[in-house]
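Novice:
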Amino acid sequence: MSKSKRNTVDPDDIIAAYGADTARWFMLSDSPPERDVNWTEKGVQGAWRFTQRLWRVIGEATEIAKAAPAAKPAAFGPLALAVRKAAHGALAKVTDAVDKLHFNVAVAHIYEFTSALQSALNDAKATAGGKADAAGDIAWAVREAADILVMLFNPMMPHLAEECWAALGHKTLVAEAPWPAVEGALLIEDVIVLPVQVNGKKRADVTVPRDAAANAVEAAALALEPVQRALGGKPPKKVIVVPQRIVNVVA
Amino acid sequence: MSTERYNAREAEARWQKIWDERGIFASKNDDPRSRYYVLEMFPYPSGRIHMGHVRNYTMGDVVARTKRAMGFNVLHPMGWDAFGMPAENAAMERKVHPKAWTYQNIEAMKAQLKSMGLSLDWARELATCDPTYYKHQQKMFLDFLRAGLVERKSSKVNWDPVDNTVLANEQVIDGRGWRSGALVEQRELTQWFFKITAYAQELLDAIDTLERWPDKVRTMQRNWIGRSEGLLIRFALDPKTVKNGESELEIFTTRPDTLFGAKFMAVAPDHPLAAAAAKKDAKLATFIEECKRHGTSAEEIETAEKMGYDTGIRAVHPFDPSWTLPVYVANFILMDYGTGAIFGCPAHDQRDLDFVNKYGLGNTPVVCPPDVDPASFVVIDTAFVGDGRMINSRFLDGMTIAQAKEEVAKRLEKETRGNIPVGERKVNFRLRDWGISRQRYWGCPIPIIHCEDCGVVPVPDADLPVKLPDDVTFDKPGNPLDRHSTWKHVKCPHCGKDARRETDTMDTFVDSSWYFARFTDPQLATAPTDKKIADAWLPVDQYIFALLHPRDEEDRASRPRRAVRRPVHARHGGARDLPQGGRHVRGTGGGRDRGRGR
Ligand SMILES: [Zn+2]
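Going line by line, the protein sequences match chains A and B. Heads up: the first sequence begins at 1 in our numbering, then just goes up one per residue. Heads up: the second sequence begins at 1001 in our numbering, then just goes up one per residue.
#1: Taking Cβ positions only, does residue 253 (chain A) come closer than 7 Å to chain B?
#2: Considering only the alpha carbon of each residue, which of B:1091, B:1218, B:1135 lies closest to residue 1522 (chain B)?
#3: Below 6 Å, is the gap between the Cβ of residue 1317 (chain B) and the nearest heavy atom of ligand 1?
#4: Between the C-alpha atoms of residue 202 (chain A) and residue 191 (chain A), what's the straight-line distance to the nearest angstrom?
#5: Please report whether the beta-carbon of residue 1015 (chain B) lies at a distance below 7 Å from any beta-carbon of chain A.
#6: What residues in its chain sit with their C-beta under 7 Å from that of residue 1182 (chain B), if we drop five residues either side in the sequence?
#7: So which residues touch the region around ligand 1, with touch meaning a C-beta under 5 Å from any heavy atom?
#8: Counting Cβ pairs, one atom from each stretch, are 3 or more of them under 8 Å apart for the region 142-150 of chain A and the region 52-66 of chain A?
#9: Buried or exposed: which applies to residue 181 (chain A), given that a residue is buried once 16 or more other Cβ atoms fall within 10 Å of its Cβ?
#10: Which residues mark the beginning and the end of the beta strand (DSSP E) in which residue 1013 (chain B) is found?
#11: Would you say the region 1347-1364 of chain B touches the region 1301-1309 of chain B, given that touching needs at least three Cβ pairs under 8 Å?
#12: Buried or exposed, going by whether 16 or more other CB atoms sit within 10 Å of the CB of residue 1566 (chain B)?
#13: Give the interface partners of residue 1115 (chain B) over in chain A, defined as CB-CB distance under 7 Å, in chain order.
#14: Consult DSSP for residue 1381 (chain B) and reduce its assignment to one of helix, strand or coil.
#15: Can you check whether the CB of residue 94 (chain A) is closer than 7 Å to the CB of residue 152 (chain A)?
#16: The beta strand (DSSP E) that contains residue 33 (chain A), what's its start and end?
#17: For chain A, check one thing: does any of its Cβ atoms lie closer than 7 Å to the Cβ of residue 1012 (chain B)?
#18: Checking 7 Å against the spacing of the C-beta atoms, do residue 992 (chain B) and residue 1077 (chain B) come in under that value?
#19: Are any of the Cβ atoms in chain B nearer than 7 Å to that of residue 159 (chain A)?
#20: Is there a Cβ of chain B sitting closer than 7 Å to that of residue 229 (chain A), yes or no?
#21: Return the CA-CA distance between residue 1366 (chain B) and residue 1378 (chain B), expressed in angstroms with no decimal places.
#22: Are the CB atoms of residue 206 (chain A) and residue 221 (chain A) nearer to each other than 7 Å?
#23: If you reduce the DSSP assignment to three classes, tell me which class residue 1458 (chain B) lands in.
#24: Using alpha carbons as the reference points, say which of B:1471, B:1491, B:1443 lies closest to residue 982 (chain B).
#25: Does DSSP put residue 1473 (chain B) in a helix, a strand or coil?
#26: Flag residue 1106 (chain B) as yes if its beta-carbon sits less than 7 Å from any beta-carbon of chain A, otherwise no.
#27: Going along the chain, which residues of its own chain have a beta-carbon closer than 7 Å to the beta-carbon of residue 1458 (chain B), five neighbours each way excluded?
#28: Here's the rule I'm using: 16 or more other beta-carbon atoms within 10 Å means buried, otherwise exposed. How should residue 1269 (chain B) be labelled?
#29: Would you say the region 1262-1282 of chain B touches the region 1420-1432 of chain B, given that touching needs at least three Cβ pairs under 8 Å?
#30: Hey, which unbroken runs of the beta strand (DSSP E) at 3 residues or more fall wholly within the region 1522-1550 of chain B?
#31: Quick check on residue 1055 (chain B) - is its C-beta less than 7 Å from some C-beta in chain A?
#32: List the residues that DSSP assigns as beta-bridge partners of residue 119 (chain A).
#33: Spatial neighbours of residue 1045 (chain B) within its chain, please: C-beta separation below 7 Å, excluding the five flanking residues on both sides.
#34: Buried or exposed: which applies to residue 1010 (chain B), given that a residue is buried once 16 or more other Cβ atoms fall within 10 Å of its Cβ?
#35: Let me confirm a value: residue 188 (chain A) is counted as buried when at least 16 other C-beta atoms fall within 10 Å, else exposed. Which label applies?
#36: For the alpha helix (DSSP H) containing residue 1115 (chain B), list its first residue and its last residue.
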């Protein structure tokens, strides 16, 4: 839509129909600051649906977070760790994007983090297996992630953020809450990428945890489609894993 | 688990009330934490906010809220750029007083902004039409006057004879007033000017330091200042061809290297030589009148067909007494650039080439591009403006452009006529002094009294503000202040005799030149700012503005900041200091409505 058309959309109408937060979110999400916004009904409805989605995700997170211990657990299991990594990763990226005024990038990271939190909540419910309470480490990580999510979208959608903040049980205003600190250790990518050679010719890369055992690396390498193709369906004669370096497959 | 839908309408009003009651967005000047100042271009109270405003203010709000969470003492104010023509137009068309119209609009827009949930410190709200604001602006005007930075001089203006008002260049469309449709006249008018040209070099130098500004804006600012190094050259006039005893024509050129490619001379329609020649040439007089009917904006000059009139006067080439050049009056030469006169070298200037092609004056290339055989190099309808070596230029042949410029300057500096050098190196700026007089009611009154005996007398500081009268009429065109029955009649503060007030008001861009500084201490009654407080907050850390039109961009991005510095109210008071270290983002829309009078 052209600029002139955009200017004929009355902000009052948008705010009355969808709320100020939806209008604000849409305005930030569409394009970088130096470009014009393409105002579309579909776009604004998408923004509105996202406000409802955040409200549901925070609602679910609140339920799980009820089981959170007051003190930070000493150790976190894989699911809790994944939640924490997603939260701190988003925190670092959104902080950086806002600092660079890349609001549309910040918005994209918030979408991504919301999806990650949603699937973690689903996993947490599945893990709890119908029992009322998730494990303490997961509950604690979910609470932390929900707090971070609300903090991150607060500058864009401050009313919804206050509502979510209160739902999470905070007695203060999110408008007065301090920006969360990133735990740097959670940002370290704990995976490595190794080249996979078949008979001396590189066929693929395999991504594995840095501390993966040799047999786990071998299994991951052999499972790759290009490696399978190179082997022509036959089992390899020999697989040599050089830790942190390379996987050599002899057909 | 919460299953009900989020009700934005109910929740938003509730949280806005809570924020408001707790005053959490009010920033205190004595807060010891690090400061962060977020500023959006303040709106003109047109009556409604539009989506462009929503976007800009949301961007600013994201920055403000984030910085607040990060522990900064954030200043995020809002105000109103409230003087200007639309209020007077409303008065004429809808019989509503400009003041009432403006304040109604402010109320309506403020409610709209509040519904957006912006983290603004409304306690710092200001409106430029408020006497508590423009009082300080009047004081600054007087300070500038005392510092020699304000001057009253006569200049050419576009005059709309129906609306009885001065029009900005962009308000002249095809030679007619944008509202009245009347043929615009060029008139001499005595106006007040801010002498911003005194800061041309300083402004230009400062642009280099604005590392975090967008390149596009920096380039526009540089072009707007338009520094060029060149040469003033006094061409002798062939005495046989002049009718009024003129002996020479001074021109300014940035391309003295192309002197041997000269084919003609041209002067502006309002150049004294043109005026003198027109006295004895009725056709020339008609031609000049025709030229004056058209606007003098850069755009119009660029697009208008090049037209000239041969005065019959001949100028002598400075390096060859036997070589004379015809002197034209041309519509594309501006009196207020350089000396209002040029020599035309058509092979290397497109406008000159268009001109000679129309009048059959021919061209001689004097700069040859690299890798081109000089013998075969010709220019037909595209001027060559690139780099190369000098050809067809006698003692300059083979030199680079830079060497040739230097050589010409050196020779002409040494040569004298009447004990004055024929050539003089000169830096020229496109930047003009800022004419701030407007024959309008809804603006800041210029605090001056005219006395027959004492001349121009500043209104004593104690008598500020000079307030606008409320009882004015808009039933007639022209300035309501001028026809008000009593307002302009005052006693001279000097001699006590009957005198009259200045009835011009200031360009509204003066109002928006210092609001960012006023926000730091907006209720201060005794001065525009408290220097210590202003220094603590400025420069603005993040400024968000809209670019609507190159012209607006120029005005908004540079003009507002160029005048406030001298009588020091803040270290970062204006001109070059505001944006230093600060950041600058261009949003969209949300700017001043186009076509608004200045
Ligand atoms: Zn007097």
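All residues carry an ideal CB built from backbone N, CA and C; glycine is no exception.
Specialist: Answer, in terms of the structure:
#1: Outside the shown range of chain A, which is 1 to 251, sits residue 253 (chain A), and nothing can be said about it.
#2: Answer by Cα proximity: B:1135.
#3: no
#4: 20 Å
#5: yes
#6: 1160, 1161, 1162, 1176
#7: B:1451, B:1453, B:1454, B:1492, B:1494, B:1495
#8: Touching, yes.
#9: exposed
#10: Here residue 1013 (chain B) belongs to no beta strand (DSSP E); instead the alpha helix (DSSP H) covers 1008-1022.
#11: In short, these stretches touch, since the Cβ pair count reaches three.
#12: Reliability fails at residue 1566 (chain B), whose pLDDT of 30 lies under 50, so the model's placement of it is uncertain and the value that follows must be treated cautiously. That one is buried.
#13: 15, 20
#14: It is coil, neither helix nor strand.
#15: yes
#16: Unbroken run through residue 33 (chain A): none, as it is neither H nor E.
#17: yes
#18: Outside the displayed span of chain B (1001 to 1598) sits residue 992 (chain B), for which this structure offers no information.
#19: yes
#20: no
#21: A direct Cα-to-Cα measurement between residue 1366 (chain B) and residue 1378 (chain B) gives close to 10 Å.
#22: yes
#23: strand
#24: Since the displayed chain B opens at 1001 and closes at 1598, residue 982 (chain B) lies outside it and no answer follows.
#25: coil
#26: So no, residue 1106 (chain B) is outside the interface.
#27: Closer than 7 Å at Cβ, skipping near neighbours: 1142, 1145, 1447, 1448.
#28: Buried, by the Cβ-count rule.
#29: no
#30: 1542-1546
#31: Closer than 7 Å to some Cβ of chain A, the Cβ of residue 1055 (chain B) qualifies, so yes.
#32: Note: residue 119 (chain A) sits in no beta bridge, so no partner.
#33: 1080, 1082, 1102, 1105, 1106, 1109
#34: exposed
#35: Result: exposed.
#36: 1098-1115
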